[in-house]
Amino acid sequence: MTSEALENTPFTITTPLYYVNDLPHIGSAYPTIAADAIARFNRLRGTPTLFVTGSDEHGQKIQRTAESLGRTPKEHCDQIVEGFKALWERLDIRYDRFIRTTDERHEAIVKEFFGRVWDRGDIYINQQKGWYCVSCEEFKEERELLEDHYCAIHVNKRAEWRDEENYFFRLSNYQERLEKLYQERPEFILPESRRNEVLNFVNQGLRDFSISRINVDWGFPVPVNPNHTIYVWFDALLGYITALLEPDQAPTLANALSRWYPINTHLIGKDILRFHAVYWPAMLMSADLPLPDRIFGHGFLVRDGVKMGKSMGNVIDPIALVERYGSDAVRYYFLKEIEFGRDGVFDEARFVNILNADLANDLGNLLNRTLRMAHKYCGGEVPNVSSDSISVGNPLKATGVKLCDRVIGAYDALAFSVACTEILTLVRMGNKYIDEQAPWTLYKQGNQAAVEQVLYVVLESVRLAAYLLSPIVPKVSTAIYQQLGYAIDFNNANSTNVNSIDDATTFAHHKTWGLLQAGQPLDDPQPVFQKLELQDAPSS
RNA sequence: UGCAGCGUAGCUUAAUGGUAAAGCCCCAAGCUCAUAACUUGGUCAUUGCGGGUUCAAUUCCCGCCGCUGCGACCA
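So the first sequence is numbered by the working numbering: it starts at 3 and just counts up by one.
In structure tokens, the structure reads:
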């Protein structure tokens with residue numbers, strides 16, 4: 003693809019639509035941060051970008067949770083949703099759409115979509131029979147149950163025999179087309195381990211699944227039979243489509259699909275892989291709609307070797323974490339220290355160590371020491387050096403020139419950790435270079451030209467590092483840019499692209515090593531990232 | 001039980017059929033421009049255990065142990 007085509011092809015990315023059973027936890031923050039970084043990266047490079055997140059609000063579980071709290075389901079959802087939005091605000095998440103499945107317009111989309119699938123003949127009514135655990139809200143296989151049909155999870159609850167009418171989706175019709183899809187597009191499900199899981203599952207042979215429930219009020223009625231309520235998943239997945247509507251558009255499929263469809267990337271937890279990698283494409287095939295480009299299943303955060311979860315009592319309160327350490331720190335830790343797609347360890351001491359080492363010491367201090375010298379030795383301006391005059395053999399230039407393409411590749415592959423590592427390599431080289439060149443000595447020797455060249459090369463390297471890191475640590479990057487004399491705010495709430503004092507802010511421009519202009523006034527040096535201190539009481 | 005994956009220095013990870021790398025932590029030296037920072041060096045691994053194939057295995061095969069995921073409607 004040419005860069006021009008790239009710029010004009012819209013990029014749409016989604017997080018899961020979080021189930022609003024409870025306040026957001028760190029497991030919701032994690033993929034949201036990742037999605038935000040990718041969205042920011044695409045905006046930076048000039049691609050029209052739509053970043054979708056939202057909430058999945060229907061279903062019996064929510065209905066009951068609300069009841070137990072003495073609220074209506076709607077009141078409950080409103081309250082929880084505010085909690086999500088507040089957290090996203092604190093984490094500097096710049097989403098474009100926050101879709102709630104209880105939105106009025108969503109019902110119209112669901113209805114229309116259901117109609118398409120219905121017309122295709124992929125929906126039929128049938129008896130759903132089986133052992134049903136009320137606590138689990140699901141049908142169990144006989145073999146899953148303990149003796150006397152007690153639930154294996156709720157060992158004191160006996161599953162009930164249910165024999166009720168449900169509407170079913172003919173998933174079995176799509177067995178072959180799905181297999182072909184996975185075959186032809188190996189990148190459809192990522193990472194590969196997740197893909198294998200899906201293949202394994204599909205190879206066993208697909209059965210139809212029910213898409214309606216009776217005895218559930220909190221949801222949309224089945225269009226052809228209002229006694230039934232549409233099953234939450236069928237409803238929730240379609241939220242991704244409703245979200246694509248412009249704020250003032252009428253809720254029709256045609257409108258929703260007109261600009262931002264098909265979706266490029268669905269970021270999801272590995273726990274909801276099947277719904278996205280199997281059910282969802284089959285539903286879209288049935289409705290005769292194009293499929294997303296890729297489904298990426300990320301890992302879970304673990305702590306003390308156990309998955310974080312309320313039942314484990316080892317959850318980390320994301321709000322407390324941001325309050326204590328700041329949004330950039332949280333974003334950086336999750337994206338740099340955890341390989342996206344794998345389970346990752348959360349460890350607070352490690353968190354503090356890594357942030358201090360990478361952002362405060364290596365990057366922040368590199369800028370600080372260099373900037374101070376620029377003030378002492380070069381009158382507080384970008385040294386009078388033309389980047390062209392620097393030898394291609396200069397280690398920082400040689401690395402910097404190649405860095406961008408590598409980082410782009412990493413971002414595109416959602417390999418945040420690789421992107422950070424590559425950038426940090428340049429930063430470490432910068433520190434080493436200063437020590438070797440010892441500009442303070444050169445200055446004392448009166449070798450002004452050499453001093454200026456060394457400082458220029460390092461400042462420019464820091465600038466490039468900050469630029470490439472800006473999707474991950476927008477505040478730090480902004481601080482660096484501002485101290486380098488740019489009026490660019492990477493974290494500007496309403497910017498789709500960075501804005502600047504001049505027009506020379508295109509990606510092609512800033513991604514290139516050698517942008518820094520001689521004579522540009524430099525700001526006063528200030529730490530761009532304050533060192534963190536480990537606090538005694540980790541979150542509970 | 002079946003299928004899949006994983007198990008590498010204190011920690012988080014990397015690597016290749018041929019003398020096991022990086023970052024963090026720890027120790028020492030150097031330097032002084034800097035947010036006791038940076039640079040250099042060092043400590044620390046017979047690569048889960050036991051076999052096998054091979055001139056050579058961490059990398060291939062088998063068994064065992066441990067952990068994780070999946071095995072249909074849990075966001």
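Ideal placement from N, C-alpha and C gives every residue a C-beta, glycine not left out.
In this text, all values refer to a predicted model and were calculated from it rather than measured experimentally.
Query                                                                                                                          : Result
Segment limits, alpha helix (DSSP H) that includes N370                                                                        : 367-380
Meets three-Cβ-pair contact criterion under 8 Å: the stretch 228-246 and the stretch 191-209                                   : no
Rounded separation between F13 and L247 - CA only                                                                              : 15 Å
Residues sharing a beta bridge with S212, DSSP                                                                                 : F170
Three-state secondary structure assigned by DSSP to V347                                                                       : strand
Per-residue burial, N229 [other beta carbons within 10 Å of its own, 16 or more giving buried]                                 : exposed
Other residues of its chain near A362: CB distance less than 6 Å, five sequence neighbours each side excluded                  : F531, K533
Segment limits, alpha helix (DSSP H) that includes N257                                                                        : 255-259
contact_flag[the stretch 445-461, the stretch 17-27] where n(CB pairs < 8 Å) is 3 or more                                      : no
R179 versus G301: straight-line alpha-carbon distance, rounded                                                                 : 28 Å
Closer than 7 Å: L536 CB and nearest the ligand FMN heavy atom                                                                 : Only the bare structure without any ligand can be found here, which leaves the ligand FMN out of the picture.
Own chain residues within Cβ distance below 8 Å of P546, not counting five before or after                                     : As displayed, the chain neither begins before 3 nor continues past 542, which places residue 546 out of reach and without an answer.
Opening and closing residue of the beta strand (DSSP E) in which E21 lies                                                      : Before going on, a small fix: residue 21 reads as Tyr here, not Glu. Start and end: 13-21.
Cut-off 6 Å between Cβ atoms - residues of its own chain near Y413, not counting five sequence neighbours on either side       : F43, A421
Simplified DSSP state of V43, which is helix, strand or coil                                                                   : Per the sequence shown, residue 43 should be read as Phe rather than Val. It is helical.
Inter-stretch contact (C-beta, 8 Å, three-pair minimum) for the stretch 51-66 and the stretch 245-263                          : yes
DSSP-derived helix/strand/coil call for H27                                                                                    : coil
For P283 and D345, the rounded distance between their alpha carbons                                                            : 26 Å
Distance between S391 and A489 (C-alpha atoms, nearest Å)                                                                      : 26 Å
Contacts around R99, its chain only, beta-carbon distance under 8 Å, and the 5 residues preceding and following it disregarded : L52, F53, V54, T55, G56, A245, L246
Burial state of N168 (16 or more Cβ within 10 Å)                                                                               : buried
Cβ-based neighbour list, I101, same chain, cut-off 6 Å, excluding 5 preceding and 5 following                                  : G56, G241, T244, A245
For V347 and P527, the rounded distance between their alpha carbons                                                            : 35 Å
Q447 (DSSP reduced to helix, strand or coil)                                                                                   : coil
Proximity to D165 [Cα-Cα], best of L486, R371, G132                                                                            : G132
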